[in-house]
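See below for the structure under consideration.
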Amino acid sequence: MQEFLEKEDFVSLQPFITKQSFSITLKRHLEESLNQSKVTHIKTIINQYKEIIIQDTSFIKNLIRIAFDQNLADLAYDIFSCMPNPEPLLSSFFFECVRKEQGELLKKINETHHDMIEERETPLERAFFAASSPYAEKIIDDYPDYFEKNGQNLFENALATYHIKTIARLSRHYQISIPEEEINQCFIRAAQQNCLSFFTLPQIQSSSIPETVIIKALKVASKHDHNQVIYFIFKNYNVSVQTLCNSFLKAVGYNQTDAAKQLSQLITQQYQTCTMKELEKWYEYANDIYSQALNNAFTNQNTLLISLILDSPFPLKIETLSTLIEKTSGTLKKQLMEKALAHLPTISRKNPKRLLAL
């Protein structure tokens, strides 16, 4: 059967079409052809065996999703539009148009099925939650009545699951206030979900965020490599050097290079502008953090972070450097030796071989 399908030999396939095995083979063949982007062939097969295919809505939905993922949006639309009753596919197709940001297809589907989409409501909520900012605004513009009616309910649904970008969109668009008791948790979740638009909400900018919440937000942003959020929080809130150092260690531990680089730059900036009295408070702390971070970077075998730490202006613990020097060779060993020698007393610098004995 597979060979007949490939050759589009429909006459030879006629004796098999009533068998269950044919339906299974047909579906497998369509998925394989889709993965190979055989667009014309797929259209031919679907048109020939439409009556069999439409019996399995889940399969058609999956076929449409694969087509979108293969950047074959026009084929996805052809599959959708050739179905005698596209209504069961409407939610999935609308969602995929939004997810893959297919503006022209979205325009088509709005022209032909606008009322049906608005009546069913489910396609709108699902797509709105998944949409990028421009497409979220487009959905609101295309379905103003729905959002005027359901905006508050959508906001509460988003708040219940801490879907921060939706909370931020609806709060900004409809001036819906976030409950005071939820602001701190939303602040931390926004850092986790990399949602910068949340932090610029007037309500958030006028709120007093506790230091403990700022610390947690920086830690989760560091863990997830969200360096833009890290920078925004640093610029707009009072962040201690100790908090920056702890977040830096977290970023290195989770192998998040961009976040670690951003945090190290901020720590270095603070170091360069500190008074001598301020330096005394946290210099040793930074030394300890960077030494731990170097160990973590070696464990993760992240050469970019190793170089970043070695190039920092902070001395590292001689014990840490000595242990790592014994384990390495070549250029990296030389870098470690240079770092160690730079922070040893003058007498030790004249005799580098003494380093390993320290």
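First residue of the sequence shown? That's 0 in numbering that gives the first Met the number 0, and the numbers climb one at a time after it. Ideal Cβ placement from N, Cα and C applies to all residues, glycine included. These figures come from a predicted structure and were not determined experimentally.
Distance check between Phe313 and each of Ile116, Phe146, Glu124, Ser290 places Ser290 closest, using alpha-carbon atoms only. DSSP, reduced to helix, strand and coil, places Glu50 within a helical segment of the structure shown.
Between Pro83 and the set Leu248, Ile53, Ile317, the nearest pair of CA atoms involves Ile53. DSSP places Cys244 inside the alpha helix (DSSP H), whose first and last residues are 240 to 252. The shortest C-alpha to C-alpha distance from Glu5 to any of Lys26, Val97, Met115, Thr17 is the one to Lys26. A residue is called buried when at least 16 other Cβ atoms come within 10 angstroms of its Cβ; Asn152 does not meet this threshold and is exposed.
The three-state reading of DSSP puts Lys333 in helix, counting H, G and I together. From the listed residues Phe186, Leu200, Ile45, the smallest Cα separation to Lys218 is found for Phe186. DSSP, reduced to helix, strand and coil, places Met275 within a helical segment of the structure shown. In the structure shown, Pro87 adopts helical secondary structure according to DSSP, grouped into three states.
Counting the other Cβ atoms within 10 Å of the Cβ of Glu124 gives 16 or more, which makes it buried.
Residue state for Asp224 is assigned as coil, using DSSP reduced to three classes.
Rounded to the nearest angstrom, the gap between the Cα atoms of Glu2 and Ser90 is 35 angstroms. Of all C-beta pairs linking the stretch 266 to 285 to the stretch 217 to 231, fewer than three are shorter than 8 angstroms, placing the two stretches out of contact. By the CB criterion at 7 angstroms, Asp73 and Asn109 fall outside the cutoff. Closest option to Tyr253, judged by alpha-carbon separation, among Thr39, Gln300, Thr272: Gln300. Under the three-state reduction of DSSP output, Asn109 falls in the helix class. Pairing Leu105 with Cys96 gives a Cβ-Cβ distance under 7 angstroms. Separation of the CB atoms of Ile317 and Leu335 is rounded to 11 angstroms, and the pair is thereby denied contact status at 8 angstroms. Glu180: member of the alpha helix (DSSP H) spanning 179 to 191, first to last residue. With fewer than 16 neighbouring CB atoms inside 10 Å of its own CB, Gln35 falls in the exposed class. In this structure, Pro85 sits near Phe79, with a CB-CB distance shorter than 7 angstroms. If you look at Ile324, you'll find it in the alpha helix (DSSP H) that goes 317 to 326. Leu309 sits close to Lys338, with the two beta carbons spaced by under 7 angstroms. A distance below 7 angstroms separates the beta carbons of Ala258 and Asn226. Beyond the five residues adjoining it in sequence on each side, Gln69 comes within less than 8 angstroms, by CB distance, of Leu33, Asn34, Ser36 in the same chain, given in chain order.
In the DSSP annotation of this structure, the continuous segment of the alpha helix (DSSP H) that includes Ser22 starts and ends at 19 to 34.
Of all alpha-carbon atoms in Ile182, Glu31, Leu195, Pro178, the one lying nearest the alpha-carbon of Ser132 is that of Leu195.
Contact between Phe127 and Ala135 holds: their C-beta atoms lie close to 6 angstroms from each other, under 8 angstroms.
DSSP places Pro312 outside both helix and strand once states are collapsed to three, so it counts as coil. A distance of 7 angstroms or more separates the beta carbons of Lys260 and Ser221. With 16 or more other CB atoms across the displayed protein chains lying within 10 angstroms of its CB, Tyr48 is buried. Linking Phe297 to Leu303 through their CA atoms gives a straight-line distance of about 10 angstroms.
If you ignore the 5 residues before and after Ile182, its C-beta comes within less than 6 angstroms of the C-beta of Ser206, all in its own chain and listed in chain order.
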